[in-house]
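K.L.:
Residue numbering for the first sequence follows the numbering used here, beginning at 5 and increasing consecutively.
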Amino acid sequence: MKVVKNKEKTEDKINELLTRGVDKIYPSREKLEEILRSGKKLRLYQGFDPTGNKLHLGHMVGFRKHRQWQDLGHEVIFLIGDGTGQAGDPTGKKKTREKFFTQEELRANAKDYLIQASKIVRFNGENPIKIMYNGDWLNKLNLVDILYIAQHFSVQQLIERDMFQERLKAGETINVREFLYPLLQGYDSVAMDVDLELGGSDQTFNMLAGRTLMKTMKGKEKFVMTTPLLSDSKGVKIGKSEGNVIGLTDPAGELFGKIMSLGDDAIIPMFTLLTDVSMKEIEKFNLKNDAMALKKRVASIVVIQLHNQTSAEQAEEAFSNTFQKKEIPKVIKEIKGDIGELLSEFLVKNEILSSKSEWRRLVLGGAIHDLSKNENITDADFKISKDLTLKIGKKRFVKILAN
RNA sequence: GCGUCGAUGGUAGAGUGGUCAAAUACGACACGCUGUAAACGUGUUGCCUUCGGGCUUCGGGGGUUCGAAUCCCUCUCGACGCACCA
């Protein structure tokens, strides 16, 4: 994407910016559009609390939105929430957090975040994104400052939040620390004096708190733009904090595979949120007939963005050969093994499997396949006698070189 | 501060002296059917095993007992109630 100078195209871009992959705009889309049409450049930001070290496909939605703003010449701030991270965002948490993060942990994670984000947004070159840390101002607030911020909110306002209501009903705790979170996030807007805040729709409440503060403390109208959350029918699969997260740093092949294994209902959202394919074209998609092809296409586009054209092609080819044509993948991890060694021990030792129990389970379930002989290994005491190519489950392959 | 209750496997959540490696659900893994989709069906889901069994787990530490996830003491953490309105 390049900054388009042509006026008409800019108009389209503005339209796209305001509609595509946008959940809601507060106070209204019209107001924001009016300002953008006037040619005014805005200062905006999105915050990320570095409470894990892996960014996933869901974050990519926000990053792409950043990129759009960036390309239109606006000032974009990538805010690392090393201050808010200490409070613990209660968003989506049915229970109070057990663990709160320290400044050190947060700073360390933040480093990884930036590396990962740089795959999508520009931190260098033309109109680069600025990086800021909210710990820089939040940690300096003194009691009076905090009281002053708090004065602009009522308990009723804060407690109205759905998730707090749910917790109240369920008799779950609401930690005051979490309760204050929206205020801190809200103060970020004031500290940076932004015109707009960008974030996932789950962040609406927190972002609106910033709107309130901005109005009272600066007399300024802050816009809020929310992006939809990416998910498939199982809901949280894509952004899940544990398990099969689709990480932005996943290797091309893995990334491709993980996207392919998502539900069909994620295809259109992925095209909308993660690609530049025009909305007109997306509307014409025939999900029923082309689900497979479309999913491959979107997987490929995503891999190109996070890696490159070549690895995307390789990933797709490998996928198609391995899983559709059932061929043995060209590139298999090769490990040397001793003749006479128990295969179970060998696999555990090389961390292909986590325990011998797992091995026994897999053998029993018929999941260990000897590709050289094209038959399952059913003997748990199988010993290595010669070179061996194994398929474990659906996706794990190992080649053992006996010597 | 006082009082009451609670802390169980990846998660939720049973269990309240032996029949508990711990119900059930979800998740995960595997197999079948498929499009590495969904739905559905089946199996597995602490570790080791000569497949007899053994070993380590129920917040930490200590104790009672032939025997503890279960009882007692203590520590840590948490929830709730009371303490204000006289």
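Think of the CB as a built atom: it goes at the ideal place given N, C-alpha and C, for glycine as much as any other residue.
#1: What three-state label does DSSP hand Gln50 in the structure shown?
#2: Following the continuous alpha helix (DSSP H) through His70, name the residue where it begins and the one where it ends.
#3: Using only CA atoms, which one of Gln72, Arg301, Leu200 lies nearest to Met32?
#4: State buried or exposed for Thr177, treating a residue as buried only when at least 16 other CB atoms are found within 10 Å of its CB.
#5: Taking all protein chains shown into account, decide if Met64 is buried (16 or more other Cβ within 10 angstroms of its Cβ) or exposed.
#6: Indicate whether the contact test is met: 3 or more Cβ pairs, each with one atom in the region 40-49 and one in the region 247-260, closer than 8 Å.
#7: For Leu83, which beta-bridge partners are listed by DSSP?
#8: Extract the residue ranges of the beta strand (DSSP E) inside the region 171-207, only unbroken runs of 3 or more that lie entirely within it.
#9: Can you give the Cα-Cα distance for Ser122 and Phe82, rounded to whole angstroms?
#10: Restricting to Cα atoms, I'd like to know which of Gly261, Gly77, Asp116 is closest to Leu59.
#11: When the distance is taken between beta carbons, is Ile29 closer than 8 Å to Leu21?
#12: How long is the line joining the alpha carbons of Arg364 and Lys390, rounded to whole angstroms?
#13: Output the residue ranges of the beta strand (DSSP E) runs that lie fully inside the region 10-45 and measure 3 residues or longer, sorted by chain position.
#14: For Thr393, which of helix, strand or coil comes out of DSSP?
#15: Over what stretch of residues does the beta strand (DSSP E) that includes Arg400 continue unbroken?
#16: In its own chain, which residues sit with a C-beta less than 6 Å from the C-beta of Leu357, not counting the 5 before and 5 after it?
#17: Please go through the same chain and pick out, in chain order, the residues whose beta-carbon is closer than 8 Å to the beta-carbon of Arg126, but skip the five residues on each side of it.
#18: Report yes if the C-beta distance between Lys399 and Glu338 is below 8 Å; otherwise report no.
#19: From this set, Ile18, Asn325, Asn378, Lys35, which residue's C-alpha is nearest Leu451's C-alpha?
#20: In terms of alpha-carbon separation, which member of Gln309, Lys299, Lys226, Pro273 lies closest to Lys262?
#21: Does the region 219-230 come within contact of the region 284-291, defined as at least 3 CB pairs closer than 8 Å?
#22: Is DSSP giving Val335 helix, strand or coil here?
#23: If you check the beta carbons only, do Thr231 and Val26 fall under 8 Å apart?
#24: Can you name, in chain order, every residue of its own chain whose Cβ lies under 6 Å from the Cβ of Leu394, other than the five neighbours on each side?
#25: Could you tell me the distance, in whole angstroms, from the CA atom of Met229 to the CA atom of Trp141?
#26: So Val228 is in the beta strand (DSSP E); what residue range does that whole segment cover?
#27: By the 10 Å Cβ neighbour count, where 16 or more other Cβ atoms means buried, how is Gln120 classified, buried or exposed?
#28: By Cβ distance, which residues of its chain are closer than 6 Å to Ile381, with the 5 residues on each side in sequence left out?
#29: Within 10 angstroms of its Cβ, does Leu405 collect 16 or more other Cβ (buried), or is it exposed?
#30: Just mark Glu320 as buried or exposed, buried being the case when its beta carbon has 16 or more other beta carbons within 10 Å.
#31: Confirm, please, whether the CB-CB distance from Ile396 to Ile343 is below 8 Å.
#32: Taking the DSSP output, what are the residues bridged to Asp374?
#33: State yes or no: is the C-beta of Pro186 within less than 8 Å of the C-beta of Phe209?
#34: Can you give the beta carbon distance from Ser348 to Lys360, rounded, assuming they're within the 8 Å contact cut?
#35: Measuring straight from C-alpha to C-alpha, what distance separates Ile39 and Thr326?
#36: What is the C-beta distance between Ala270 and Val307, in whole angstroms, given that I count them as a contact (C-beta under 8 Å)?
P.N.:
Per the coordinate set shown:
#1: strand
#2: 61-75
#3: Note that residue 32 corresponds to Ser in the displayed sequence, not to Met. The candidate whose alpha carbon is nearest that of Ser32 is Leu200.
#4: exposed
#5: buried
#6: no
#7: Gly51, Met136.
#8: 200-204
#9: 11 Å
#10: Asp116
#11: no
#12: 21 Å
#13: 28-30
#14: DSSP places Thr393 in strand when its eight states are reduced to three.
#15: 400-406
#16: Leu351, Trp363
#17: So the qualifying residues of the chain are Arg71, Gln74, Pro132, Ile133.
#18: No. Outside cutoff.
#19: Outside the displayed span of the chain (5 to 407) sits residue 451, for which this structure offers no information.
#20: Lys299
#21: no
#22: Coil at Val335, not helix or strand.
#23: yes
#24: Val402
#25: Rounded to whole angstroms, Met229 to Trp141 spans 24 Å at the Cα level.
#26: 227-231
#27: buried
#28: Ile372, Asp374
#29: exposed
#30: buried
#31: Cβ distance not < 8 Å, so Ile343 and Ile396 don't count as in contact.
#32: Beta-bridge analysis with DSSP links Asp374 to Glu379, Leu394.
#33: Yes, they are a contact pair.
#34: Confirmed, about 5 Å.
#35: Each residue's alpha carbon lies about 52 Å from the other.
#36: Not confirmed; about 16 Å, so no contact.
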